[in-house]
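Engineer: Structure in structure tokens, see below.
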Amino acid sequence: MTDQSIFETVLASTVHDMKNSLSLLMSHLDDISMRLDQQDENQDDISSLRYESSRINISLMQLLTLYKLEKRQISVQIEEVILADLMEDSIAAHSMLAQNKGIQLDYECDDELIWFLDPNLIGIVLNNIIGNSIRYTNSRVLLSARTQDQQLVIQIDDDGVGYPAHMLNEGAGFSNPVDLHSGSTGLGLFFAAIIAQNHKRLQRQGKIQLQNKLRLNGGSFQIYLP
Amino acid sequence: MFDRLSDTRTLVIDDFGQFRQTFKTMLHRLGVQQVDQASNGNEAVKLCMENDYDMIFCDYNLGEGQDGQQVLEELHQRSVLQKGSLFLMVTAETTSAQVMGAIEYRPDAYLTKPFTNEQLGQRLKRLLNKNDVLKTIHDSINKGDVTNALKQCDAVMQKSPTARFSCLRLKSELLEKQKAYDEAMALYKSVVQEQPLLWAMIGIGRLYFKQGLVEKALTHFQQMREDFPQQVSVLDWVAKCQQALGDLEQSEKTLKEAIQISPKSVTRQSTLGEIAQTLEHHDIAQQAYAKTIQEGYHSCLLQPQYYQHYFKNTQAVAATLGERDQKKMLSTTETVAKRMEQKYKNNPGAIVHNLAALASLFNTVGNNSQADHYLSRVSGTLDSPDCRISQQDFQQLKHQLDELDGTALNDKILQKISSRLVSVKNDIEQRQQNEQQAVAINREGMQFARQNQQLEALEKFRQAITLAPYHSNYALNAIQTILLNDAFKNDPALIREARDYLDNISLENSGKRWRLYKKLTTLLPND
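Okay, here's the thing in structure tokens:
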């Protein structure tokens, strides 16, 4: 066995273990939360526990996915996806958190909108962005999907203070996953950009874009998929 | 949470008790009332044969014993999964589909851990809704009515645009099964023109292959590798085409790549073994068969001759090794041999070849006492009172023993086996005669039954049972005759007779007949 394959075996089984633990952890949190009164003062703590464990999970997935993409162990798997389903899934992952923080989380899209994309990878992208938006928004996070110029656009808007100026200027790259000044690792956006770029069709490539003061007058994240 | 879930019957398969419990709680919260549990593949298969589940949740990683994919394979082999019931594989990774993609069977969906209650509910709601939309198609397929199923595909597509691609997929697969290759090909191609979806792309290549256009199929799959680089089912197809074209060297190479991505498939490993053996790459074959029997020990896809191939290739490899390495390899082999005997303890036909192969192996490396040991085990197995082996097994064993004749082995044992084989041969001939008779008599019985002459029918089935007691068909016919007739079913003696038949039926390898058996069991009055 080479060193590399030892690392890979350990990586896979470690992730497996960690996910089992996270599953139980998250399920216990749901249990406790349900046992408590909705107004109980501990709900806030539970909510942040839930948020942090979901962040660990997402980071884990991003790390593993990037590793495997780079090693060419996986590739983007295009499937037919009903956008309403994808949005409902992403919302379901965060509804408890949003509810506890008193944030309205909803989506808008045509029931019959279908697109071709990798639902697992795009799912990780959306979950990460939604998680962050819930953290920084005031009162609402809105997902939407539409087609524009033969591309699919999925957009996540909030009514918070918006993305900092230096992030808006990143262009399509988001090439720097670590920003030591802001303390944010930026892994989520870096990951989103990579996944978007890996969606290719008819000589076009996906991309992401950040803007401010669009639909909800806060930050706005958009991912374009050809 | 959502009504559709409340009357679904579900089964949760996980080796981890705490996880099963958690899952059960989640399902209860979603309104599912009926949740059965299994902690391993054996329990799961048994439960699935006894119950019709709407949803089966199976963790991929089940610890000792079968893994999730093997459970799925066995359920398919036994035909206990209806079209429209959902098999959901629970995994820790999002990439399972491409890695585990076995050629044969895929789950309806992968659920990636961890998930919240709401996520699970959302997912199930969607899967069940989709199933409801496709229900008329599934029902026709389950009834075997392909014409109507095809009609339903068109009707559903008209009504529900979001189900269009699911319908197109079902439709093209149905056409393909009916051997309407041109129509199926046109359909796959029209889908690919819209979007290069994996199932349609594979469909095109598979149809080339089925129509004998193997080179075209190979080119197609080779091109697919660029767009789907890690999709193991594409690699499997490339290897299959190369093998069919006689390019075994390339096929071996491709299979080795596929195995790097997905090492656990019994079929893939044994195919590599077979090809490497033909190429006389005994070391590769030996390793491939070692993996086959190791990964497949609990799998229904494992065949007894894989052991024989393993021993044969070990024989070739061991002869080339130094003393220390040879000793190590032989000790591993003996461990494998013990497991083999354990696994096939009720299948003497399988054991005798493998034991003979072991005798040959130890004879080659000059360990004659161990070779004699395995030979006497052959002899012992043949002597056991309920040893029943087939014509084919007999021929093969005879061939193996002929090869051993004249070597330094104990002549006395060989002679004993030969004389035993003469009576085995007689047994086989007698049994074949009996079986032919039983088939004819059973047919007469069926005729009587159709003419409503139940007493005559029952008598015929009894005769068939006497001639071939190990065939459950005749016993099932007799039981059915007794239980479904008002004149018989209140007669205590006949009920006792039916119960005796039922108790003696062994349906280990039966799937479809199991349902009949089950039905009959419930009809039998209690003492």
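From first to last, the protein sequence lines are chains X and L. For any residue, its number in the numbering used here is found by taking its place in the first sequence, counting from 1, and adding 376. For any residue, its number in the numbering used here is found by taking its place in the second sequence, counting from 1, and adding 420. Backbone N, C-alpha and C define an ideal beta-carbon position, used for all residues, glycine too.
Can a CB atom of chain X be found closer than 8 Å to the CB of residue 749 of chain L?
Structural biologist: By this cut-off, residue 749 of chain L is not an interface position.
Engineer: By the 7 Å beta-carbon criterion, what residues does the stretch 420–433 of chain X contribute toward chain L?
Structural biologist: So the list reads 433, given in the order they occur along the chain.
Engineer: What does residue 542 of chain L touch in chain X if you count any residue whose Cβ is under 7 Å from its own?
Structural biologist: Those are 464, 465 and 468, listed as they occur along chain X.
Engineer: Quick check: is the beta carbon of residue 440 of chain L nearer than 8 Å to any beta carbon in chain X?
Structural biologist: No, residue 440 of chain L lies away from the interface with chain X (no Cβ there is under 8 Å from its Cβ).
Engineer: Could you confirm whether any beta carbon from chain L is found closer than 8 Å to the beta carbon of residue 492 of chain X?
Structural biologist: Chain L, which has a Cβ nearer than 8 Å to the Cβ of residue 492 of chain X, makes this yes.
Engineer: Short of 8 Å Cβ to Cβ, which residues in the stretch 534–565 of chain L face chain X?
Structural biologist: The residues in question are 534, 535, 536, 537, 538, 539, 541, 542, 543 and 546.
Engineer: Is any beta-carbon of chain X found at less than 8 Å from that of residue 929 of chain L?
Structural biologist: Residue confidence for residue 929 of chain L is low, a pLDDT of 48 falling below 50, so the modelled location carries little weight and cannot support an answer.
Engineer: Could you have a look at residue 600 of chain L and say whether DSSP puts it in helix, strand or coil?
Structural biologist: Coil.
Engineer: What do you reckon, is the C-beta of residue 866 of chain L under 7 Å from a heavy atom of the ligand COA?
Structural biologist: Ligands are entirely absent from the displayed structure, and the ligand COA is therefore not among its contents.
Engineer: When DSSP labels each residue in this structure, what does residue 661 of chain L get in the three-state scheme?
Structural biologist: Three-state DSSP puts residue 661 of chain L in a helix.
Engineer: Chain X beta carbons: is any one of them nearer than 8 Å to that of residue 649 of chain L?
Structural biologist: Interface residue, yes.
Engineer: What ranges does the beta strand (DSSP E) occupy inside the stretch 471–520 of chain L, keeping only unbroken runs of at least 3 residues that lie completely in it?
Structural biologist: Those beta strand (DSSP E) runs which fall completely within the stretch 471–520 of chain L and span 3+ residues are 475–479 and 506–511.
Engineer: Determine the contact status of residue 669 of chain L and residue 704 of chain L, defining contact as a CB-CB distance below 8 Å.
Structural biologist: Contact: no.
Engineer: Measuring CB atoms only, is the stretch 510–520 of chain X touching the stretch 462–482 of chain X, in the sense that at least three cross pairs come out at less than 8 Å?
Structural biologist: Yes: at least three Cβ pairs fall under 8 Å.
Engineer: Using the Cα positions of residue 509 of chain X and residue 533 of chain X, report the straight-line distance between them to the nearest angstrom.
Structural biologist: If you take the alpha carbons of residue 509 of chain X and residue 533 of chain X, they lie about 8 Å apart.
Engineer: Against residue 512 of chain L, what residues of chain X qualify as contacts under a CB-to-CB distance less than 8 Å, listed in chain order?
Structural biologist: Within chain X, the residues near residue 512 of chain L are 391, 392, 395 and 396.
Engineer: Quick check: residue 549 of chain L and residue 504 of chain L, are their CB atoms within less than 8 Å of each other?
Structural biologist: No. Outside cutoff.
Engineer: Report the neighbours of residue 484 of chain X on chain L: residues whose CB is nearer than 9 Å to its CB, in chain order.
Structural biologist: Neighbours of residue 484 of chain X on chain L: none; closest Cβ ~17 Å, over 9 Å.
Engineer: Quick one: which residues of the stretch 607–618 of chain L get their C-beta closer than 9 Å to a C-beta of chain X? List them in chain order.
Structural biologist: Those residues of the stretch 607–618 of chain L that come within reach of chain X (Cβ to Cβ, closer than 9 Å) are 614, 615, 616, 617 and 618.
Engineer: Please classify residue 875 of chain L as buried or exposed, where buried requires at least 16 other C-beta atoms within 10 Å of its C-beta.
Structural biologist: Its Cβ having fewer than 16 others within 10 Å, residue 875 of chain L is exposed.
Engineer: Could you give the DSSP three-state label for residue 383 of chain X: helix, strand or coil?
Structural biologist: Three-state result, residue 383 of chain X: helix.
Engineer: What does residue 481 of chain L touch in chain X if you count any residue whose Cβ is under 8 Å from its own?
Structural biologist: In chain order: 392.
Engineer: Where do the N-terminal and C-terminal ends of the beta strand (DSSP E) with residue 599 of chain X fall, by residue?
Structural biologist: Note, residue 599 of chain X: beta strand (DSSP E), 595–601.
Engineer: Note down the Cα distance separating residue 834 of chain L from residue 491 of chain L, rounded to an integer number of angstroms.
Structural biologist: Approximately 42 Å between the Cα atoms of the pair.
Engineer: What are the residues that DSSP puts in a beta bridge with residue 520 of chain X?
Structural biologist: Bridge partners of residue 520 of chain X: X:484 and X:531.
Engineer: For residue 426 of chain X, count the other beta carbons within 10 Å of its own beta carbon; 16 or more makes it buried, fewer makes it exposed. Which is it?
Structural biologist: Residue 426 of chain X is buried by the Cβ-count criterion.
Engineer: Under 8 Å Cβ to Cβ from residue 597 of chain L, same chain only, skipping five residues before and after it: list those, please.
Structural biologist: Correct list, in chain order: 566.
Engineer: Could you work out which residue in L:781, L:907, L:542 and L:654 is closest to residue 706 of chain L when comparing CA atoms only?
Structural biologist: Closest option to residue 706 of chain L, Cα to Cα, is L:781.
Engineer: Could you check the C-alpha separation between residue 411 of chain X and residue 464 of chain L for me, to the nearest Å?
Structural biologist: Going by the C-alpha atoms only, they are around 33 Å apart.
Engineer: So if I threshold CB-CB distances at 9 Å, which residues from the stretch 436–449 of chain X count as touching chain L?
Structural biologist: Those residues of the stretch 436–449 of chain X that come within reach of chain L (Cβ to Cβ, closer than 9 Å) are 437, 440, 441, 444, 448 and 449.
Engineer: How about the stretch 868–887 of chain L and the stretch 810–830 of chain L: do they share at least three Cβ pairs that are nearer than 8 Å?
Structural biologist: In short, these stretches do not touch, since the Cβ pair count stays below three.
Engineer: For the stretch 574–591 of chain L, which residues have a beta carbon sitting closer than 7 Å to at least one beta carbon of chain X?
Structural biologist: Result list: 581, 582 and 585.
Engineer: Residue 423 of chain X to residue 587 of chain X, Cα distance in whole Å?
Structural biologist: Answer to the nearest angstrom: the Cα atoms are 28 Å apart.
Engineer: Considering residue 864 of chain L, what are the terminal residues of the beta strand (DSSP E) in which it resides?
Structural biologist: Element bounds for residue 864 of chain L: not the beta strand (DSSP E) but the alpha helix (DSSP H), 831–870.
Engineer: Determine the DSSP secondary structure at residue 909 of chain L, reduced to helix, strand or coil.
Structural biologist: If DSSP states are grouped into helix, strand and coil, residue 909 of chain L belongs with coil.
Engineer: Who are the near neighbours of residue 435 of chain X in its chain, counting only those whose CB is closer than 8 Å to its CB and skipping five residues on each side?
Structural biologist: Result list for residue 435 of chain X: 563, in chain order.
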